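**Q** For the protein sequence lines, the chains are A and B, in the order given. Going left to right, the first sequence walks through residues 21 to 699 as our numbering numbers them. Going left to right, the second sequence walks through residues 21 to 699 as our numbering numbers them. Take a look at this one; I'll ask things after.
There are 2 protein chains.
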Amino acid sequence: MSTDPLVIFTPSGKRGTFPVGTPILTAARQLGVDLDSVCGGRGICSKCQIAPAYGDFPKHGVVSQPEALSEWNAVEERYKSKRGLIDGRRLGCQATVQGDIVVDVPPESQVHKQVVRKAASIREITMDPATKLYYVEVQEPDMHEPSGDLERLSLALTDGFGLPPLTCDLRVLTTLQPILRKEKWSVTVAVHQGRVGGPARLLKLWPGYYEGSIYGLAVDLGSTTIAAHLCDLRTGDVLTSAGVMNPQIRFGEDLMSRVSYVMMNPGGDVEMTKAVRDAINALTVEVASEAGIEADAVMEAVFVCNPVMHHLLLGIDPVELGQAPFALGTSSHMELDARDLDLDALNKAAQVYILPCIAGHVGADAAAVALSEEPNLSKDLVLVVDVGTNAEILLGNTEKTLACSSPTGPAFEGAQISSGQRAAPGAIERVEIDPVTKTPRFRVIGTELWSDEDGFTEAVGQGGITGICGSGIIEAVAEMRMAGLMDPSGLIGSAEQTGTALCIAEGRTHAYVLHDGRDVDGPLITVTQGDIRAIQLAKSALYAGARLLMDEMGVDKVDRVTLAGAFGAHISPKHAMVLGMIPDVPLDKVTSAGNAAGTGARIALCNVAARRRIEDVVHEIHKVETAIEPKFQEHFVAANAVPHATDPFPELAKIVDLPVVSFNQNANREGGGRRRRRG
Amino acid sequence: MSTDPLVIFTPSGKRGTFPVGTPILTAARQLGVDLDSVCGGRGICSKCQIAPAYGDFPKHGVVSQPEALSEWNAVEERYKSKRGLIDGRRLGCQATVQGDIVVDVPPESQVHKQVVRKAASIREITMDPATKLYYVEVQEPDMHEPSGDLERLSLALTDGFGLPPLTCDLRVLTTLQPILRKEKWSVTVAVHQGRVGGPARLLKLWPGYYEGSIYGLAVDLGSTTIAAHLCDLRTGDVLTSAGVMNPQIRFGEDLMSRVSYVMMNPGGDVEMTKAVRDAINALTVEVASEAGIEADAVMEAVFVCNPVMHHLLLGIDPVELGQAPFALGTSSHMELDARDLDLDALNKAAQVYILPCIAGHVGADAAAVALSEEPNLSKDLVLVVDVGTNAEILLGNTEKTLACSSPTGPAFEGAQISSGQRAAPGAIERVEIDPVTKTPRFRVIGTELWSDEDGFTEAVGQGGITGICGSGIIEAVAEMRMAGLMDPSGLIGSAEQTGTALCIAEGRTHAYVLHDGRDVDGPLITVTQGDIRAIQLAKSALYAGARLLMDEMGVDKVDRVTLAGAFGAHISPKHAMVLGMIPDVPLDKVTSAGNAAGTGARIALCNVAARRRIEDVVHEIHKVETAIEPKFQEHFVAANAVPHATDPFPELAKIVDLPVVSFNQNANREGGGRRRRRG
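Here is the structure:
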């Protein structure tokens, strides 16, 4: 048996014996204890701070005494006097084992884990991003042992951190020599290593020890909205999130109209590619500025997007995606230099990762939803619906996963809605309509108060109430149905039919007044018959997609439903069910997951192993093609009513008692099978 | 024992038994027989043509009969009718083994070997360039088995040729889909695989079977001259070679003046980088146009250059190379996209390989000389001298190799010489001076005739005699010494002293008239006292470098000398010895190797294994730093005379009887230790 001292780490409880003189940091690494270090044990970064615990620990079977650690040394003294160190703390790279000892690793010294809030669970992602910071001291050049500065830096990183030989962009290489010499050959470097064992790439250098952090962008590039989350690559914290309209909208609202634009206008893809890249650059500048950092410190970006957006981002003409067999130019994940995509706002050596596509209509956004929601790891059968201009729908469990995409159109993102807007302060996001008085109350983004509560007007502030966002319109339409203001076919009743003056005439149809604007100096906000029709088309497409997957799976019900929404929107499960967006399922089995595609992008940004995971998983997902499946059309037509006319909804019936009304006096001119639109 | 038929290949004699029905191409590959194929056995490229030999072959122990091959088939018939096939020839991919057979592989079906002419030997390089052409038929897309077009192309290349998964530049990816569809999913691709087992990179595609070839540039980027060889990457043939002056000359004639320029003019490196890249682009267009090919078909470039040129090409400020310890930014070989270097004249996806540097003053050009001349594989001790503005000097044998670089200045390249010019038609390249009459005869580049032969003037043609190139000035000075026109200190005598009116006064010194220009309508071409001084400085630096290596090696003589010269110049061993450029050695042990650095670049272009070889060898070469070695200065000063004053030259004495003359009447104002110049 070893007579070496015993070292016990708390809170992990990991233990082992080590020769006298072993640094605590070394012991921790050998035991796999979660103890951070950037400087590789040089007493500079202080990330490896530990708190020795002295006393008798019968539970652990040791007595831990101050003599069990080496004496406080000059490096620790220097660090403490220069930057401060809490009393009782030691630097794990300096304190060495002298006897049996219990060592506590305080939370701030643990390698950061990032909590991703999900509907059903809170999950930790271990921070293991592709780009990390390292502090090294590089051997000075010696005329008699000639090797380049880059090669000596590379050697220092291999010796200190086990990195493979370093490569770097010429634009970084040209900065190397003066920076190395600035702080006497000590330097902090940002190194990108996209895969274990893969090449290491030098992205940036700072003279000496760099106190700052580096950042990454997780971008959900949607047809209507581009959403970006700026993450700290050390902690995983999201510093800012922001979204802009996709400027390609001027070339066509949905994907197929953009493909058509290219067909009609050769070279149109080049215009669209430029537009979206410019928008991403502008968004990068915006989030960096909001977070108070330099955009130059953004070292990585991860993109998720549908196949058409994917191709237009890459500069591939999307015309093949407009016709069977919907062949992708490339389906694999992509590892690129940001400058390949003209993303000049990021650091000049920044790296880009794009998740793989599943198929011609099921893109990297669906892959991101799969990464975030993991239907393939679910024991019960889960339907994941990611609502956007193109909805990504996944149905699966541990045995099999199916995916399709459905052309819902942009209504759920607030576009094509008369008072629609994207989710931003001033947008109505929650709606309730009193079934007796037929009057609405609502909440807007930016305050927790409801519109009939005291102080609401003040809380909304100067911007006022500006429109309805995606989640707001879903609730509004569902509430109108529950309050008897709209019949199952989707027709809004007149004031006479509904008994409320809030149902106003608008041409030959009616509209319901949600907010008349005078109180808070805002616009008149109504839900029009056209809005209802747009929502009906969208929800029918969504429902038809889900049903198609259920057919393919050979089931007529699912165990649970996860509703994921576009940027900023959390969809209300109850209202989604009333509207008929999703198949009938017990209400408590419907959860709202927020922006699952964006979350998937963040996961891939924060953890390289997750990239490998989704690259594998996409090959196991079976794609169902809505565009050529006649049954899709049948489901689509059948799903037009609110709720659907032809399906039984026992679970829905348990939560609401939908009034029996019919406003269809002259036969509905607009109802039925309006031609669906892809996009 | 196998009862399978026996297949014997000639001329290699390789043999083996194969099951009936095995294609001859397959048998050849399994035996390692040198039989070409681009299309992977689809009967399209005809590179695998074979000539079956029928009859009784007692030497081989077989009787070979026509029935031993499968019948002439439709694919062969189609090929013959469309493109022709010599009678008796078969396609190796179509003809299958039916019985014992002798098969001859005609020379044109052998994988090309390229002969590199070297001084001492003729060596074959097996053509195995990084970029090769492959013809494949790609599986069409299938909606139900979705994968991208790139992924299916990659699969076809893996299946057909064993290539690893394909990556490609976005700019190539954007061209993929239409080209694949143009000839029904058959396509020829240029794929770059820089290292065995390394990634495969798609550089270009052609619809269907591409009849053409692809090309590479081997570039010797010198301080004074940039020389480029355009090579066919299938055959290794050099189609054109061309050279231009390095435009950086306007920033400083030698390397150290260029480094000084940067020190005095911050940002000056950026100007110089742009100048040299522009010149390479112009040169690329020139050689491609001369060869009658599109520059877009140039898929690769290999560069060799000294460290300062290396850094200026890469865009690294060379200032560290101007002062001890002469630290390189990077010393490793470089694998780059051509566009990283703004080399836009090449194919847009072209790849660049730069040989590794040995040390701060011993660059990739010295590595290329080592690759070409292989002193490290020589049993006897060989001194390799590569003459340029900066001379690369190697001394070695199988036990040890030393290298240094010596700042000779540009005189050997014809610069700093009053009538100097680069090696091009019209330049005097050979000189003889009659020791009795003191009259010269010479040859110029562009004709084999000497100036005193009939038809010389007509042969020189309209361009006339324009100047003296590097090899011409070396011969002229040596001949002047042998004819007694110049004394050992380097002074040219007057007409009175020498007895010839061709020695004319020029200020306070004299000049020798090589050519008065009136006969052929050209300029007056003289060798001036200044020219002699420039050559003395250059040859002293060269000699001092060689001696320094000999000191380091602990020898006072070498077994043989290889003289390598800049673009186009073959240096005369005898004249080099008379001039004192090289240590004393038997004349038959001095060989002239032409442009060894350029040859090294060509070898690396044609064979990827050679790249690995030199990457390893550079680590074994011990560098000697001339700049800080006091002995270098001593050797330099001592070597000023023609021949050297202080060294015994027994071998030289065997070939020439140098006249005893002295023109030093007033003590030589210019002799002795003029301060040497690095460059």
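Where is the CB? At the ideal position from N, CA and C, for every residue including glycine. On a predicted model such as this, the values are computed, not experimentally measured, just so you know.
#1: Does glycine 335 (chain A) come within less than 9 Å of chain B when only Cβ atoms are used?
#2: In the structure shown, what three-state DSSP assignment does aspartate 385 (chain A) receive?
#3: Taking a cut of 8 Å between CB atoms, which residues from the segment 435-450 of chain A lie near chain B?
#4: Between which two residues does the alpha helix (DSSP H) containing glycine 242 (chain A) stretch?
#5: Between the Cα of glutamate 160 (chain A) and the Cα atoms of A:Gly335, A:Val681, A:Leu175 and A:Gly36, which residue gives the shortest distance?
#6: Please identify, using Cβ separations under 8 Å, the residues of the segment 353-365 of chain A that lie next to chain B, in order along the chain.
#7: Please list the partners that lysine 204 (chain B) has in chain A, where partner means a Cβ-to-Cβ separation under 7 Å.
#8: Determine the burial state of asparagine 615 (chain A): buried for a count of at least 16 other Cβ atoms within 10 Å of its Cβ, exposed for fewer.
#9: Hey, valine 53 (chain A) and valine 125 (chain A) are a contact pair by Cβ (cut 8 Å); roughly how many whole angstroms apart?
#10: Are proline 460 (chain A) and valine 681 (chain A) close, meaning C-beta to C-beta below 9 Å?
#11: State the start and end residues of the unbroken beta strand (DSSP E) segment that holds cysteine 188 (chain A).
#12: With a threshold of 8 Å, are at least 3 pairs of Cβ atoms found where one atom belongs to the segment 164-180 of chain A and the other to the segment 356-367 of chain B?
#13: May I have the straight-line CA-CA distance separating isoleucine 700 (chain B) from glycine 349 (chain B), to the nearest angstrom?
#14: Helix, strand or coil for glutamate 526 (chain B), going by three-state DSSP, please let me know.
#15: Quick check on the DSSP output: what are the complete alpha helix (DSSP H) runs of length 4 or more inside the segment 51-131 of chain A, in order along the chain?
#16: Any C-beta of chain B within less than 8 Å: which residues of the segment 619-653 of chain A qualify?
#17: Check the Cβ-Cβ distances between serine 167 (chain B) and every residue of chain A, and say whether any is below 9 Å.
#18: Taking only beta-carbon positions, decide if glycine 217 (chain B) is within less than 9 Å of chain A.
#19: With a cut-off of 9 Å, does the C-beta of threonine 37 (chain B) fall near any C-beta of chain A?
#20: Below 8 Å CB to CB, which residues in the same chain sit around arginine 35 (chain A) once its five sequence neighbours on both sides are set aside?
#21: Taking C-alpha atoms, which residue in B:Gln343, B:Thr260, B:Met284 and B:Tyr563 lies nearest to alanine 311 (chain B)?
#22: My output table needs one value for alanine 503 (chain A): the three-state DSSP class, helix, strand or coil.
#23: Are the beta-carbon atoms of leucine 534 (chain B) and valine 451 (chain B) separated by less than 9 Å?
#24: Taking 9 Å as the threshold (beta carbon to beta carbon), is proline 198 (chain A) in contact with chain B?
#25: From the beta carbon of methionine 284 (chain A), is the nearest beta carbon of chain B less than 9 Å away?
#26: Could you check the C-alpha separation between proline 603 (chain A) and alanine 659 (chain A) for me, to the nearest Å?
#27: Please name the residue in A:Pro445, A:Ala503, A:Lys399 and A:Trp470 whose C-alpha comes closest to that of glutamine 482 (chain A).
#28: Spatial neighbours of serine 206 (chain A) within its chain, please: C-beta separation below 6 Å, excluding the five flanking residues on both sides.
#29: Quick one: which chain B residues come within Cβ less than 7 Å of proline 161 (chain A)?
#30: Quick check: the Cα distance between asparagine 684 (chain A) and leucine 678 (chain A), rounded to an integer number of angstroms?
#31: What's the gap between the Cα of alanine 566 (chain B) and the Cα of threonine 146 (chain B)?
#32: Cα separation between valine 258 (chain B) and alanine 302 (chain B)?
#33: Spatial neighbours of aspartate 472 (chain A) within its chain, please: CB distance less than 7 Å, with the 5 preceding and 5 following residues excluded, ordered by chain position.
#34: Leaving out the 5 sequence neighbours to the left and right, which residues in its chain are closer than 7 Å to serine 351 (chain B) when beta-carbon positions are compared?
#35: Excluding the 5 residues preceding and the 5 following proline 345 (chain B) in the sequence, name in chain order all residues of the same chain whose CB lies nearer than 8 Å to its CB.
#36: Are the segment 552-561 of chain B and the segment 384-391 of chain B touching, with three or more C-beta to C-beta distances below 8 Å?
**A** A quick look at the data gives this:
#1: Using a Cβ-Cβ cut-off of 9 Å, glycine 335 (chain A) counts as an interface residue toward chain B, since at least one Cβ of chain B sits closer than that to its own.
#2: helix
#3: none
#4: Counting along the chain, glycine 242 (chain A) falls outside any alpha helix (DSSP H), and DSSP gives it neither H nor E.
#5: Checked all of A:Gly335, A:Val681, A:Leu175 and A:Gly36; the closest Cα to glutamate 160 (chain A) is A:Leu175.
#6: Leu356, Asp360 and Leu361
#7: Under the 7 Å cutoff, chain A gives no residues; its nearest Cβ is about 14 Å from lysine 204 (chain B).
#8: Under this definition asparagine 615 (chain A) is a buried residue.
#9: Right, their Cβ atoms sit about 6 Å apart.
#10: no
#11: 186-188
#12: no
#13: Because chain B in this structure spans residues 21 to 699, residue 700 (chain B) falls outside the shown range and cannot be described.
#14: strand
#15: 94-103
#16: Lys643, Glu645 and Ile648
#17: yes
#18: no
#19: With 9 Å as the cut-off, threonine 37 (chain B) does not count as an interface residue toward chain A.
#20: Leu26, Val27, Ile28, Phe29, Leu51 and His80
#21: Per the C-alpha coordinates, the member of B:Gln343, B:Thr260, B:Met284 and B:Tyr563 positioned closest to alanine 311 (chain B) is B:Thr260.
#22: coil
#23: yes
#24: It does: the Cβ of proline 198 (chain A) has a partner Cβ on chain B nearer than 9 Å.
#25: no
#26: 10 Å
#27: Checked all of A:Pro445, A:Ala503, A:Lys399 and A:Trp470; the closest Cα to glutamine 482 (chain A) is A:Pro445.
#28: The answer, listed in chain order, is Glu157 and Gly228.
#29: Pro345 and Ala347
#30: 17 Å
#31: 33 Å
#32: 19 Å
#33: Arg461
#34: Pro376 and Cys377
#35: Gly380
#36: Output reads no: the segment 384-391 of chain B does not touch the segment 552-561 of chain B.
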